[in-house]
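Numbering (my numbering), first residue to last: 112 to 567.
Report on the following structure.
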């Protein structure tokens, strides 16, 4: 995998020319690019994740319905489909098999969890003893465990912050926070640490009739058991909106949030650790870390979308102004395996997607994938060994790798094709954990990929 560093000179070049709209559906290797995902309807909340091939999956509200959009390799044509006739606040997560799951609120005090099984959407109706539930967020561990967090409501006010976990044996529900009367909350964020344990952040507001409301940004971190939660207040009084949440190297929780003291700013905060102001304005942040441990932020800066990163701890933030205003909490950022940013935007009358470089990891449009380089593999699921058969499309060296869902190369082999007869590679799996892996085969500028499940 090649690593491309976003140099400050490139950022300055773009910032200087950011007054014009970028070309739609144009892919340039060393520049920002723009694509329209959907432009027919009234758009609301959105959620995005990249899969292990760096391809985007989006869930979003449109006309009070839930929609799903994704982009396949080799084309910038977006495939869109309606998941629910009515629903709000979707959150998307990808399972170990890279198939999407979408949770959203439904009428009747229900949540819907829609799972793509490869051929159809399977819908689970989730209830919590008849409670009204709002603002669900979801994450999925590498072993397939599903983590949910949501608020329950009573008499028009938040009643509890609830957490639910399902490891395949059924749902376990826990209370993380109880709210009294005259309390409000903001939408929350959820992430997983390197052990697959969830962390949740949200703002709790005590409403005062004398217009002296008090705001508290709370961080909830779970240990190795479902009931082992620790709660800390990170900031108070001047914090606003939905906080962005990510886990930095060293398992440090980091947050980005709107700060309204004085003229207002976008703030980045490590816990435990220090905070820094990123920009003088900002709202609706989204955040992720790259493979070098560097933070990346995207947030609404009023008439533009601001993208920010820094090269090392304590360094100045490098800012790029993208000429796109966004609507209410309509922004999501992800970083791909080449450390390139991808941003999904709700632009009021259009759902858009902005990215740096090519999101498939292929260096140029001329280097497409060669379908059929991987002829077959067996057995499936695999246990002790995996045999990968390769079509001899042309002579030359082929690099075959087995990669886990975090992008780590677990096995690497090389074979030579003669342009006439097929060849095969045998991989020992006896020390591999159970899970889903990606087989990659690269021959010159051609590549092919397939997924396999290892089950001992």
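Cβ coordinates follow ideal geometry from the N, Cα and C atoms, glycine included.
Keep in mind the model is a prediction, meaning the values are calculated, not measured.
>> Let's see if you can read the secondary structure: which residues bound the beta strand (DSSP E) around residue 248?
In response: The count along the chain shown starts at 1 and reaches residue 248 at position 137. Residue 248 -> beta strand (DSSP E) spans 243 to 251.
> Can you give the Cα-Cα distance for residue 462 and residue 151, rounded to whole angstroms?
Replying inline: The count along the chain shown starts at 1 and reaches residue 462 at position 351. The count along the chain shown starts at 1 and reaches residue 151 at position 40. Spanning the two alpha carbons is a distance of roughly 9 Å.
> Residue ranges of each beta strand (DSSP E) run of no fewer than 3 residues wholly in the segment 276 to 324, ordered along the chain?
Replying inline: Look at the segment 276 to 324 and you find these whole runs of beta strand (DSSP E), each 3 residues long or longer: 282 to 289, 294 to 296, 300 to 303, 309 to 317.
>> Considering just the uninterrupted stretch of the beta strand (DSSP E) at residue 153, what are its terminal residues?
In response: Translated into positions along the chain shown, residue 153 becomes position 42. For residue 153, there is no enclosing beta strand (DSSP E), as DSSP marks it with neither H nor E.
> Mind checking residue 369: buried by the 16 CB within 10 Å criterion, or exposed?
Replying inline: As a position in the chain shown, residue 369 is number 258, starting the count at 1. By the 16-neighbour rule on beta-carbons within 10 angstroms, residue 369 is buried.
> Sorted by chain position, which residues of the same chain lie with C-beta nearer than 8 Å to residue 135's C-beta, five sequence neighbours on each side aside?
Replying inline: Along the chain shown, read from residue 1 onward, the residue named residue 135 stands at position 24. Note that residue 135 scores 37 on pLDDT, short of 50, meaning its location in the model is unreliable; the coordinates nonetheless yield the value given after this. Only 145, 146, 147 meet the Cβ criterion.
>> Tell me whether the segment 170 to 177 and the segment 508 to 523 touch, counting them as touching only if at least three CB pairs, one residue from each stretch, are closer than 8 Å.
In response: Because the criterion of three Cβ pairs below 8 Å is not met, the segment 170 to 177 and the segment 508 to 523 do not touch.
> What does a CB cutoff of less than 7 Å around residue 250 pick up in its chain, not counting 5 residues either side in sequence?
Replying inline: Start at 1 with the first residue of the chain shown, and residue 250 comes out as number 139. Setting aside the 5 residues that flank it on each side, residue 250 is surrounded in the same chain by 204, 258, 301, 302, 303, 309, each with a C-beta closer than 7 Å to its C-beta; the list follows chain order.
> If we ignore side chains and look at the alpha-carbon of each, how far apart do residue 474 and residue 394 end up?
Replying inline: Within the chain shown, residue 474 is the residue found at index 363, counting from 1. Within the chain shown, residue 394 is the residue found at index 283, counting from 1. Because the pLDDT at residue 474 is just 33, under 50, the model does not fix this residue reliably, and the value given afterwards should be weighed accordingly. Cα to Cα, residue 474 sits roughly 34 Å from residue 394.
>> So the candidates are 524, 277, 339, 290; which of them puts its Cα closest to the Cα of residue 266?
In response: As a position in the chain shown, residue 266 is number 155, starting the count at 1. Among 524, 277, 339, 290, the Cα nearest to that of residue 266 belongs to 290.
> Hey, quick one: how far does the beta strand (DSSP E) through residue 546 stretch, first residue to last?
Replying inline: In the chain shown, residue 546 corresponds to position 435, counting from 1. Segment 546 to 554, the beta strand (DSSP E) holding residue 546.
> Does DSSP put residue 407 in a helix, in a strand, or in coil?
Replying inline: Taking the chain shown and counting its residues from 1, one reaches residue 407 at position 296. Annotated three-state conformation of residue 407 is strand, per DSSP.
> Between residue 560 and residue 164, which are expected to be in contact by the criterion C-beta below 8 Å, what is the C-beta distance as a whole number of angstroms?
Replying inline: As a first step, residue 560 must be located in the chain shown, where it is residue number 449. As a first step, residue 164 must be located in the chain shown, where it is residue number 53. Indeed, because the Cβ distance is near 7 Å, the residues count as touching under 8 Å.
> Would the C-beta of residue 386 count as close to the ligand FAD, meaning under 7 Å from any of its heavy atoms?
Replying inline: Ligands in the displayed structure: none, and consequently the ligand FAD is not present.
> For residue 514, does the three-state DSSP call read helix, strand or coil?
Replying inline: Against the chain shown, residue 514 aligns to sequence position 403. The three-state secondary structure of residue 514, taken from DSSP, is strand.
> How would you write the range of the beta strand (DSSP E) that residue 439 sits in, first residue to last?
Replying inline: Residue mapping note: residue 439 aligns to position 328 of the chain shown, counting from 1. Here residue 439 belongs to no beta strand (DSSP E), and DSSP marks it neither H nor E.
> Between which two residues does the beta strand (DSSP E) harbouring residue 363 extend?
Replying inline: As a first step, residue 363 is located in the chain shown; it is residue number 252 there, counting from the start. Taken as a continuous stretch (DSSP letters only), the beta strand (DSSP E) holding residue 363 covers 363 to 370.
> If you run the structure through DSSP and keep just helix, strand and coil, what is residue 203?
Replying inline: The residue labelled residue 203 in the question sits at position 92 within the chain shown. DSSP places residue 203 in strand when its eight states are reduced to three.
> To the nearest angstrom, how far is it from the Cα of residue 546 to the Cα of residue 520?
Replying inline: What you label residue 546 is simply residue 435 of the chain shown in a count that begins at 1. What you label residue 520 is simply residue 409 of the chain shown in a count that begins at 1. Cα to Cα, the separation comes out at about 14 Å.
> For residue 373, does the three-state DSSP call read helix, strand or coil?
Replying inline: Translated into positions along the chain shown, residue 373 becomes position 262. DSSP, read as helix, strand or coil, puts residue 373 in coil.
>> For a test of the three-state rule: what should DSSP assign to residue 447, helix, strand or coil?
In response: Working through the chain shown from its first residue, we reach residue 447 at position 336. Residue 447 falls in the coil class under three-state DSSP.
>> Given a cut-off of 8 Å on the beta-carbon distance, is the pair residue 410 and residue 359 in contact?
In response: Within the chain shown, the letter at position 299 stands for residue 410. Within the chain shown, the letter at position 248 stands for residue 359. Residue 410 is not a Cβ neighbour of residue 359, given a cutoff of 8 Å.
> Do residue 318 and residue 296 have their C-beta atoms closer together than 8 Å?
Replying inline: Here residue 318 refers to the residue found at position 207 when the chain shown is read from its first residue. Here residue 296 refers to the residue found at position 185 when the chain shown is read from its first residue. No. Outside cutoff.
> When the Cα of residue 221 is compared with those of 208, 500, 199, which residue comes out closest?
Replying inline: Position 110 of the chain shown, counted from the first residue, corresponds to residue 221. The shortest Cα separation from residue 221 among 208, 500, 199 belongs to 199.
> Going by the CB atoms, is the gap between residue 382 and residue 345 shorter than 8 Å?
Replying inline: For this step, residue 345 is matched to residue 234 along the chain shown. For this step, residue 382 is matched to residue 271 along the chain shown. Going by C-beta atoms, residue 345 is nearer than 8 Å to residue 382.
> Between 248, 243, 207, 253, which lies nearest to residue 264 when the distance is taken from Cα to Cα?
Replying inline: Here residue 264 refers to the residue found at position 153 of the chain shown. Per the C-alpha coordinates, the member of 248, 243, 207, 253 positioned closest to residue 264 is 243.
> Whose C-beta lies closer than 6 Å to the C-beta of residue 523 among residues of the same chain, with five residues either side of it excluded?
Replying inline: Here residue 523 is taken as the residue at index 412 of the chain shown, counted from 1. Once the five neighbours on either side are set aside, the close Cβ partners of residue 523 are 512.
> Under the three-state reduction of DSSP, which class applies to residue 457: helix, strand or coil?
Replying inline: If you number the chain shown from 1, residue 457 lands on position 346. If DSSP states are grouped into helix, strand and coil, residue 457 belongs with the strands.
>> If contacts are defined as beta-carbon pairs under 8 Å, then residue 442 and residue 390 qualify, I think. What distance do you get, rounded to the angstrom?
In response: Working through the chain shown from its first residue, we reach residue 442 at position 331. Working through the chain shown from its first residue, we reach residue 390 at position 279. With 8 Å as the limit, residue 442 and residue 390 do not qualify as a contact, their Cβ atoms being about 14 Å apart.
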